[in-house]
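**Q**
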Amino acid sequence: MTTIKNRSRIVEEMQEIFSDLKRAGVINKKQIAQFEALKNLEVKTIQPKAIKQLRTKENLSQAVFAIVLNTSASTIQKWESGEKKPSGPSLKLLSILKNKGIEALI
């Protein structure tokens, strides 16, 4: 939970800096739009059942799913059982898979 709070605080501070830079005429609208897009990159946690559904929807074994996500079959098994939770790049890849399908990752 602290990570989310820290990230939120950092994003708020960056937004304030960008507002100041905009007022000073140092950055343009395109750069502001890029920052706004980056702000929305946060991903929500994915429940174990949903991870298994993503895998089975794509007709992948745990071993193949692990290769796609650059992790181990053991890790996939632990995610699906709720023993571990995906985080960082793995969570982002799962989010991409959920939103765009396997084609986005291969």
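If you want the working numbering, it's the position in the sequence shown, counting the first as 1, plus 80.
Don't be surprised by glycine CBs; every beta carbon is placed ideally from N, CA and C.
If you draw a straight line from the C-alpha of Ile107 to the C-alpha of Leu101, how long is it?
**A** Taking the straight line joining both Cα atoms gives about 6 angstroms.
**Q** Could you give the DSSP three-state label for Met81: helix, strand or coil?
**A** Reliability fails at Met81, whose pLDDT of 40 lies under 50, so the model's placement of it is uncertain and the value that follows must be treated cautiously. Coil.
**Q** Just checking my contact of Lys165 with Thr125 at CB under 8 angstroms: how many whole Å lie between their CB atoms?
**A** Their Cβ separation, rounded to whole angstroms, is 7 angstroms, which keeps Lys165 and Thr125 in contact under 8 angstroms.
**Q** Within this structure, are the beta carbons of Leu174 and Leu134 separated by less than 8 angstroms?
**A** Closer than 8 angstroms, so yes.
**Q** Quick one: which unbroken beta strand (DSSP E) runs of 3-plus residues sit fully inside the region 149-177? Chain order, please.
**A** Taking only runs of at least 3 residues, no beta strand (DSSP E) segment lies wholly in the region 149-177.
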